[in-house]
Amino acid sequence: MFRWADLGGGSFGGWIDGSFARVSQEGDRLLFRGVSGEAAHRFFSLETDLPAVTGEFDVDPAIHEALRRYPGLRVIRQDPWECAASFMLSAYNNIPRLTGMLDQLSCRFASPRGGDSLALPSRRLGLNPFPRPEVLAKVSERVLRNCGLGYRAPYLKAMAQAVASTRMDLERLRALEDEGLRRALLTLPGIGEKVVECVMLFAYGRGAAFPVDVWIGRAMRGWYFRRRKVSDKKIREFARKHFGPYCGWAQQYLYCLARQMPC
DNA sequence: GTGGATCCTAAGTT
DNA sequence: AAACTTAGGATCC
Numbered sequence: 127m128f129r130w131a132d133l134g135g136g137s138f139g140g141w142i143d144g145s146f147a148r149v150s151q152e153g154d155r156l157l158f159r160g161v162s163g164e165a166a167h168r169f170f171s172l173e174t175d176l177p178a179v180t181g182e183f184d185v186d187p188a189i190h191e192a193l194r195r196y197p198g199l200r201v202i203r204q205d206p207w208e209c210a211a212s213f214m215l216s217a218y219n220n221i222p223r224l225t226g227m228l229d230q231l232s233c234r235f236a237s238p239r240g241g242d243s244l245a246l247p248s249r250r251l252g253l254n255p256f257p258r259p260e261v262l263a264k265v266s267e268r269v270l271r272n273c274g275l276g277y278r279a280p281y282l283k284a285m286a287q288a289v290a291s292t293r294m295d296l297e298r299l300r301a302l303e304d305e306g307l308r309r310a311l312l313t314l315p316g317i318g319e320k321v322v323e324c325v326m327l328f329a330y331g332r333g334a335a336f337p338v339d340v341w342i343g344r345a346m347r348g349w350y351f352r353r354r355k356v357s358d359k360k361i362r363e364f365a366r367k368h369f370g371p372y373c374g375w376a377q378q379y380l381y382c383l384a385r386q387m388p389c
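Residue numbers (the numbering used here): 127 to 389.
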């Protein structure tokens with residue numbers, strides 16, 4: 127999510143299932159190189175009937191405008207470990223710094239394998255695969271701080287240890303219903319009410335998840351609550367009822383709109 | 001225009 | 001519920 131690079135010439139690169147993928151668009155078709163079509167389809171949720179989904183929550187002027195501005199926008203399905211770690215690190219942080227942190231981690235604790243060799247990204251781009259939890263679990267807190275993580279360093283180490291051990295099998299969590307999944311993920315260190323929604327939505331494909339970050343919070347208060355003071359939880363509950371079971375997809379559209387025109 | 005000192009803030013969690 | 005690390009960006013000389 128945070129680690130895709132603009133390679134120029136209308137082409138973008140990032141890691142999908144252990145392969146470095148290059149994606150470009152030809153007319154209304156997407157072209158994938160370095161990765162199986164199947165994996166790419168899963169990653170970009172291309173099996174989802176987008177008009178059917180967006181039609182379900184095209185219910186008011188704000189979301190309507192967002193749908194008009196960002197046609198084709200989809201929710202990705204990322205690897206749960208990378209997703210959980212990335213969003214944990216995003217807490218009380220800014221995007222440029224976050225990407226710098228992730229780049230350092232991937233350059234220092236992961237090496238490129240797989241993908242077609244000619245298409246391997248350079249280390250300078252910071253585009254190695256995301257480090258495995260077993261690796262990060264053994265890295266000292268001091269070294270993690272050295273990657274610029276700050277106070278988040280111990281969280282990442284503890285999370286990596288949990289995921290690398292049998293304590294937290296992120297793949298087995300797929301079998302759980304939304305509430306069970308939410309409760310399980312919340313036990314991970316550094317994951318709270320906002321990040322858990324991100325992981326559910328962007329890694330586990332739970333369309334009913336609705337992350338309320340500062341941007342969505344501001345925007346929703348402005349657009350739907352007459353700028354009243356409302357808790358993030360209330361906003362989430364409202365969104366779930368207002369937009370329905372795919373409110374998480376609506377969140378993506380609103381998020382883009384909120385960042386483009388801040389309140 | 002360029003360089004550096006300083007201030008401020010940040011896709012929240014504990 | 002106040003505190004949390006610190007890099008990157010903005011502002012200002």
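Backbone N, C-alpha and C fix where the C-beta goes; we use that ideal spot for every residue, glycine too.
Since we're looking at a predicted model, the values are computed, not measured.
Using the DSSP secondary-structure output, state which residues sit across from residue i in a beta bridge.
i    : result
S137 : G134, S150
On a Cα-Cα basis, can you pick out the residue from the options that is closest to residue i?
i    : options                : result
S232 : P259, I221, A217, F351 : P259
R293 : I221, S137, L311, A301 : L311
T174 : D184, V149, R200, W341 : R200
E152 : I202, I317, G135       : G135
S291 : R271, S357, L262, R300 : L262
A131 : G144, R148, D143       : R148
A288 : W207, M346, R271       : W207
P187 : P371, E363, Y350       : Y350
V265 : V185, S137, R234       : R234
V185 : L383, A329, K367, V356 : K367
R129 : E191, M346, S212       : S212
Between residue i and the rest of its own chain, which residues show a CB-CB distance below 8 Å, the 5 nearest in sequence each way excluded?
i    : result
R332 : D304, L307, M326, G374
D358 : E319, K320, V338, G343
G274 : R223, G226, M227, Q230
I189 : F183, F369, A376, Y379, L380
S171 : R200, V201, I202, R203, G331
F158 : A147, R148, V149, A166
L176 : G198, R200
Which class does residue i belong to by DSSP, given the choice of helix, strand or coil?
i    : result
I189 : helix
L156 : strand
S216 : coil
S145 : strand
G333 : coil
G348 : helix
M285 : helix
G163 : helix
A384 : helix
D242 : Confidence at D242 is low in this model, with a pLDDT of 49, below 50, so the placement of that residue should be treated as unreliable; the coordinate-derived value is given next. Residue state, collapsed to three classes: coil.
M294 : coil
S357 : coil
G316 : coil
A310 : helix
E303 : coil
M379 : Looking at the sequence shown, residue 379 is not Met but Tyr. Three-state DSSP puts Y379 in a helix.
V340 : helix
Assuming residue i contacts residue j under a Cβ cut-off of 8 Å, what Cβ separation, rounded to an integer in Å, is found between them?
i    : j    : result
V322 : A217 : V322 to A217, Cβ: 12 Å. No contact.
N219 : A236 : Wrong, their Cβ atoms sit about 21 Å apart, outside the cutoff.
P417 : F146 : This structure cannot settle anything about residue 417, because the visible part of the chain is limited to 127 through 389.
I142 : M214 : I142 to M214, Cβ: 21 Å. No contact.
Can you name, in chain order, every residue of its own chain whose Cβ lies under 7 Å from the Cβ of residue i, other than the five neighbours on each side?
i    : result
L156 : V149
L133 : G139, R148
L270 : A279, L282, K283
R362 : F336, V338
P371 : G333, A334
L296 : P206, W207, V289
V179 : Y372, W375
Give me, in chain order, the residues of the same chain whose beta-carbon lies closer than 6 Å to that of residue i; leave out the 5 immediate sequence neighbours on both sides.
i    : result
P315 : Y281, A284, M285
S243 : Unreliable placement is indicated for S243, whose pLDDT of 44 sits below 50; the coordinate value is still reported in the next sentence. No residues qualify anywhere along the chain.
Tell me whether residue i, by its Cβ, gets closer than 6 Å to a heavy atom of the ligand SAH.
i    : result
Q378 : The model depicted lacks the ligand SAH and carries no ligand whatsoever.
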